[in-house]
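Working notes, structure below.
In our numbering, the protein residues as written are 76 to 159.
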């Protein structure tokens with residue numbers, strides 16, 4: 076995945092395209108509603124895996140707000156992980 080010059084990355088079954096589609100929805104200060112492409116990425120993501128990054132430096136280092144990222148399933152009308 077390439078985000079702002081970061082090295083290619085795949086995380087929790089989310090592809091580079093998925094991260095790109097979702098980035099505007101998980102970036103402060105003005106996140107936008109998730110696109111259908113973002114919701115497709117979220118539907119295929121390993122949400123328990125993503126929860127494990129909730130308090131990690133990883134997501135913020137990519138410009139991703141963890142709270143906004145963890146809100147995506149609900150915004151996409153998908154079940155949220157119960158253990159998050």
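No residue lacks a Cβ here, since even glycine has one placed at the ideal position from N, Cα and C.
Should residue i go down as buried or exposed, given a rule of 16 or more other Cβ atoms within 10 Å for buried?
i, result
"residue 118", "exposed"
"residue 101", "buried"
"residue 153", "exposed"
"residue 80", "Caution applies to residue 80, whose pLDDT of 44 falls short of 50 and renders its modelled position unreliable; the value that the coordinates give is listed next. Flag for residue 80 reads exposed."
With a threshold of 8 Å on Cβ separation, who are the neighbours of residue i within its own chain once the five nearest residues in sequence on each side are excluded?
i, result
"residue 116", "89, 90, 92, 93, 94, 96 and 97"
"residue 145", "125, 126, 129, 155 and 159"
Sorted by chain position, which residues of the same chain lie with C-beta nearer than 6 Å to residue i's C-beta, five sequence neighbours on each side aside?
i, result
"residue 112", "96"
"residue 106", "100 and 143"
"residue 228", "Lying outside 76 to 159, the shown extent of the chain, residue 228 is not represented and no answer is given."
"residue 114", "151"
"residue 139", "101"
Where DSSP assigns a beta bridge to residue i, which residues make up the other side?
i, result
"residue 86", "89"
Can you tell me whether residue i is helix, strand or coil according to DSSP?
i, result
"residue 101", "coil"
"residue 118", "helix"
"residue 113", "helix"
"residue 136", "helix"
"residue 95", "helix"
"residue 81", "Its pLDDT being 45, under 50, residue 81 is placed unreliably by the model, and the measurement read from it follows with that caveat. Three-state result, residue 81: coil."
Give the C-beta separation of residue i and residue j to the nearest angstrom, bearing in mind that I take them to be a contact with Cβ-Cβ under 8 Å.
i, j, result
"residue 150", "residue 109", "5 Å"
"residue 141", "residue 147", "With a Cβ gap of about 11 Å, residue 141 and residue 147 do not count as contacting."
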